[in-house]
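Colleague:
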């Protein structure tokens, strides 16, 4: 059965919406394959606006890999803005892919990548517009398998009722394996229907199917146990780890949109994983071990990517980019190659040390030296020990002094507020730090023309981190501390004018906390919020704290739990956590020990350069640290 | 800058939903992919030497958009036409490239020819409305601009306005739907009078209200030929010189050098 394009029905609506180009597709390097020649069809969704979703690396990588498979096709779909949503409802146009404008419901799989929990309501909009029943239990044989991935999928329990399946970890290999399971099942004539397909996926060990697990609760609301309700389904579902990044050099052909997006650059992941051990950082915990891409693969990917895309900026991505074992050679090699071409290089996520200034200088060789960003995260020495962000005040001052001395005019400092054990003094320490930064900068340059910006947001405890047991700080306290800090910065006569201040309110963090550490009972809250009009919760102009709180009150009315129970309550060691049956490889006892170490302000070194401290990932997952140096160099590009 | 090239391109089909900013990004990237030796401005953030003249609004298709590229190595116009067209997405199509010889291109774009397709509108009513509009001395319309609601005359800028019956693009599927096509030549004035302003005018003077959103295409831009009331090709002045002919362009070249 062929599927018709929805575009003729969508087109008349487009002149009536904002930025219609985002719904049109046709990006450079996008792919439209013949519907009938494929047997496995994926709709890949990033549950936010096109301008945020299009540059997403995860979606682009899977899109390319799946479309390279002979019998598989993949198209993309994004959250539509409320203006188009209203028109689509009025005119009966269902959720569509932007590639061939096919109805999402016609696909075999709807794969949704959740970088953040704030996309959950957008999933519900897409399901509803697609005509796919929102609750997985109500879906029939003709509905796609709704599959979640991305970092938030490491605790998919709050959306478990809306999902058929979830995948943890790197998607490259498992998406191919899933395609193969579906292809075989279809070739056999779909034996046992949807249920059997899900069972095949679950019993392979790599796919979490929530409906095959029952959750029992204690009368006080805590989870009693989570157990499989089918034979052949594993007790714990493991994450996936791609071990050789050089074998998976994607994206090869980056999507280049016509519409403006949040990242207008070609990005290359230079390594995955991070073992710096920052205790607040979920990404660092769930993506272990460190696996580097080699300098030569990075060079090849940049060369091809720039040529294929026409982008004039290259971003070298990772969780802590300066930690690549050959970053200096990569930086110099790329800077040499692109000198005088108006192609600029950027290196986000760097740490606080002077080495980074050398790198930044290399990257800005013929451009301007405008701003450098560092993330001390905690305002006091004590706080940084708690979170294991091993940066001393001396390090920071030395680094910024070098930066200002070498012509950088602006330094941005990132912090968090509401960290475990935090006091008012810890947060006010940020003001002292910022003043010292300006003082050092003025001394280094002899000029008053330097600036420092303090950027601060609320901390949210995340699953699979040592802080998964911690009480989240209430938003009143966060807001009070943020105000104290603002006053301390503003009222300073000597330095106040040189220091900028940006902050995020505490309330959205509470909602993020509810969704991050929630269990299946939170699903009713998400649905109630969506029914009350909740959309685009990552956007302050759409987010409503009141709507979340009133919906939670209503949806959890019959339960012994509430929002505070999920957020500001500390958990003890024996409590079953909603994600305990999902295995990121981290040893639970090690996590607990690290949590105790946090409270006692004990630091942990990086296992790349010091002996293994038994976090558990490598032996559990059969993986190992993969770092250079390779000793290879980037050669100059040959002009064809 | 060793050479400036003038490019006529079309914005067709789905690509009509691109904004001017979208197009300039797409062109810059296409220029880079095609390896065209574009010049850059000096300064901290160098910008490619590409300038755009009178871009059609978002949602409006066009057969006659113009830009000028400054290059640092000589380019053969025909080759640049092929390279740039191949590098741009289908729907942004390069139609013509000439080497700039004379004066300012923007100055030559005095007026536009617009086609407005009105699915479901009665061609006879459209014709009557057009006649009413042309008979009026002034037709005051309002439009919400970035600076707020503006009120201006939409009549004076309109050089000609005709209506005729057309075949609706969807006529194959919905045979009974009539379609009116307006064709208008409108001078570029400030504030700009756009086809929607003329449509607003038709509603005001004759109560003419088409049932569906208009599909607008710019067919041509150029100097107004006072004799015919139509536009001339704005690139002809550059081409005449290349062909060795004498004409007004020669004087422009003299001015330019």
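Chains as they are written, first to last, in this note's numbering: chain U, 543 to 1182; chain E, 176 to 432.
Where a beta carbon is used, it is the ideal one built from N, C-alpha and C, also for glycine.
1) May I ask you to verify whether the stretch 313-323 of chain E touches the stretch 284-291 of chain E, counting CB pairs closer than 8 Å and requiring at least 3?
2) Residue 644(U) and residue 545(U): beta carbons closer than 8 Å?
3) Go through its chain and collect everything with a Cβ distance to residue 768(U)'s Cβ below 6 Å, but skip five positions before and after it.
4) Taking 8 Å as the threshold (C-beta atoms), are residue 616(U) and residue 626(U) in contact?
5) Which residues in chain U sit within 9 Å of residue 143(E), going by Cβ to Cβ distance?
6) Can you list, in chain order, the residues of its chain with a C-beta nearer than 7 Å to that of residue 383(E)? Leave out the 5 residues immediately preceding and following it.
7) Distance, Cα to Cα, residue 943(U) vs residue 918(U)?
8) Taking 8 Å as the CB-CB limit, is residue 905(U) close to chain E?
9) Which full runs of the alpha helix (DSSP H) of 4+ residues lie inside the stretch 830-880 of chain U, going along the chain?
10) Starting from the C-beta of residue 268(E), find all residues in its chain whose C-beta is less than 7 Å away, skip the five residues before and the five after it, and write them out in chain order.
11) With distances taken Cα to Cα, identify the nearest neighbour of residue 987(U) among 901(U), 784(U), 921(U), 951(U).
12) Give the secondary structure of residue 205(E) by DSSP, where H, G and I count as helix, E and B as strand, and everything else as coil.
13) CB residue 968(U) to CB residue 924(U), shorter than 8 Å?
14) Where does residue 286(E) fall in DSSP's three states?
15) Grouping DSSP H, G and I as helix and E and B as strand, with all else coil, what is residue 1260(U)?
16) Among 840(U), 953(U), 889(U), 687(U), which one has its Cα closest to the Cα of residue 582(U)?
17) Considering only DSSP beta bridges, list what residue 751(U) is partnered with.
18) Can you round the beta-carbon distance between residue 272(E) and residue 180(E) to whole angstroms, since I take them to be within the 8 Å contact cut?
19) Distance, Cα to Cα, residue 596(U) vs residue 313(E)?
20) Would you call residue 699(U) buried or exposed, if buried means 16 or more other Cβ atoms sit within 10 Å of its Cβ?
21) Looking only at DSSP bridge pairs, what is residue 1041(U) linked to?
22) Could you pull the start and end residues of the alpha helix (DSSP H) that residue 226(E) belongs to?
23) Going straight from the alpha carbon of residue 576(U) to that of residue 552(U), what length do you get?
24) Closest to residue 205(E) by C-alpha separation, out of 192(E), 248(E), 253(E), 265(E), would be which residue?
25) Is any beta-carbon of chain E found at less than 8 Å from that of residue 801(U)?
26) Contact between the stretch 1156-1163 of chain U and the stretch 829-838 of chain U: three or more CB pairs below 8 Å?
27) Comparing the C-beta of residue 234(E) with each C-beta of chain U, is any distance below 8 Å?
28) What does the alpha-carbon distance come out to for the pair residue 381(E) and residue 374(E)?
29) How about residue 575(U): is its C-beta nearer than 8 Å to some C-beta of chain E?
30) Along chain U, which residues have their Cβ under 8 Å away from the Cβ of residue 318(E)?
31) Round the Cβ separation of residue 342(E) and residue 236(E) to the nearest angstrom and send it over; I've been treating them as touching at under 8 Å.
32) Scan the stretch 560-594 of chain U for residues whose Cβ lies nearer than 7 Å to a Cβ of chain E and list them as they occur along the chain.
33) Would a check of beta-carbon distances place residue 367(E) closer than 8 Å to chain U?
34) Starting from the N-terminal side, write out each stretch of the alpha helix (DSSP H) that is 4 residues or longer and does not extend beyond the stretch 259-329 of chain E.
35) Report the three-state DSSP secondary structure of residue 345(E) (helix, strand or coil).
36) Exposed or buried, residue 697(U), counting other C-beta atoms within 10 Å across all chains shown (16 or more means buried)?
Modeller: Well, looking at it:
1) no
2) One-based indexing of the first chain puts residue 644(U) at position 102. One-based indexing of the first chain puts residue 545(U) at position 3. Against a cut-off of 8 Å, the Cβ pair of residue 545(U) and residue 644(U) comes out as a contact.
3) For the purposes of this step, residue 768(U) is taken as the residue at position 226 of the first chain. Contacts found: 755, 757, 1123.
4) Residue numbering aside, residue 626(U) sits at position 84 when the first chain is read from its first letter. Residue numbering aside, residue 616(U) sits at position 74 when the first chain is read from its first letter. No, they are not a contact pair.
5) Absent from the structure is residue 143(E), since the part of chain E shown begins at 176 and ends at 432.
6) As a working mapping, residue 383(E) is identified with position 208 in the second chain. Excluding residues within five positions, the ones whose Cβ falls inside 7 Å are 300, 301, 304, 377.
7) Along the first chain, read from residue 1 onward, the residue named residue 943(U) stands at position 401. Along the first chain, read from residue 1 onward, the residue named residue 918(U) stands at position 376. Approximately 15 Å, taken between the alpha carbons.
8) Residue 905(U) sits at position 363 when you count from the first residue of the first chain. Chain E contact via Cβ: absent.
9) 837-851, 869-879
10) Looking up residue 268(E) in the second chain gives position 93. Contacts found: 184, 185, 187, 260.
11) Locating residue 987(U) in the first chain gives position 445, where the first residue counts as 1. Residue 951(U) is the option with its Cα nearest to residue 987(U).
12) Along the second chain, read from residue 1 onward, the residue named residue 205(E) stands at position 30. Three-state DSSP puts residue 205(E) in a helix.
13) Along the first chain, one-based indexing puts residue 968(U) at 426. Along the first chain, one-based indexing puts residue 924(U) at 382. Contact: yes.
14) Locating residue 286(E) in the second chain gives position 111, counting from the first residue. In the structure shown, residue 286(E) sits in a strand (DSSP, three-state: E or B).
15) Any question about residue 1260(U) goes unanswered here, given that chain U covers just 543 to 1182.
16) Locating residue 582(U) in the first chain gives position 40, where the first residue counts as 1. Cα-wise, what sits closest to residue 582(U) is 687(U).
17) As a working mapping, residue 751(U) is identified with position 209 in the first chain. Partner(s): none; residue 751(U) has no beta bridge.
18) If you number the second chain from 1, residue 272(E) lands on position 97. If you number the second chain from 1, residue 180(E) lands on position 5. Confirmed, Cβ separation roughly 6 Å.
19) Working through the first chain from its first residue, we reach residue 596(U) at position 54. Working through the second chain from its first residue, we reach residue 313(E) at position 138. Answer to the nearest angstrom: the Cα atoms are 48 Å apart.
20) On the first chain, position 157 is the one that residue 699(U) refers to. Buried is the call here.
21) For the purposes of this step, residue 1041(U) is taken as the residue at position 499 of the first chain. Answer is 994(U), bridged to residue 1041(U).
22) One-based indexing of the second chain puts residue 226(E) at position 51. Note, residue 226(E): premise wrong, no alpha helix (DSSP H); beta strand (DSSP E) at 225-228.
23) Here the question's residue 576(U) lines up with position 34 in the first chain. Here the question's residue 552(U) lines up with position 10 in the first chain. So the two alpha carbons sit approximately 21 Å from each other.
24) Here the question's residue 205(E) lines up with position 30 in the second chain. Out of 192(E), 248(E), 253(E), 265(E), 265(E) has the C-alpha closest to the C-alpha of residue 205(E).
25) Against the first chain, residue 801(U) aligns to sequence position 259. Yes, residue 801(U) counts as interfacial toward chain E.
26) yes
27) Taking the second chain and counting its residues from 1, one reaches residue 234(E) at position 59. Yes, its Cβ sits closer than 8 Å to a Cβ of chain U.
28) Within the second chain, residue 381(E) is the residue found at index 206, counting from 1. Within the second chain, residue 374(E) is the residue found at index 199, counting from 1. Answer to the nearest angstrom: the Cα atoms are 10 Å apart.
29) Against the first chain, residue 575(U) aligns to sequence position 33. Not closer than 8 Å to any Cβ of chain E, the Cβ of residue 575(U) fails to qualify, so no.
30) Residue 318(E) sits at position 143 when you count from the first residue of the second chain. Within 8 Å Cβ-Cβ: nothing; residue 318(E) doesn't reach chain U, min ~16 Å.
31) Here residue 342(E) is taken as the residue at index 167 of the second chain, counted from 1. Here residue 236(E) is taken as the residue at index 61 of the second chain, counted from 1. Not confirmed; about 17 Å, so no contact.
32) 562, 563, 566, 568, 570
33) Against the second chain, residue 367(E) aligns to sequence position 192. No, residue 367(E) does not count as interfacial toward chain U.
34) 280-283, 298-310
35) Translated into the one-based positions of the second chain, residue 345(E) becomes position 170. Residue confidence for residue 345(E) is low, a pLDDT of 49 falling below 50, so the modelled location carries little weight and cannot support an answer.
36) Working through the first chain from its first residue, we reach residue 697(U) at position 155. Result: buried.
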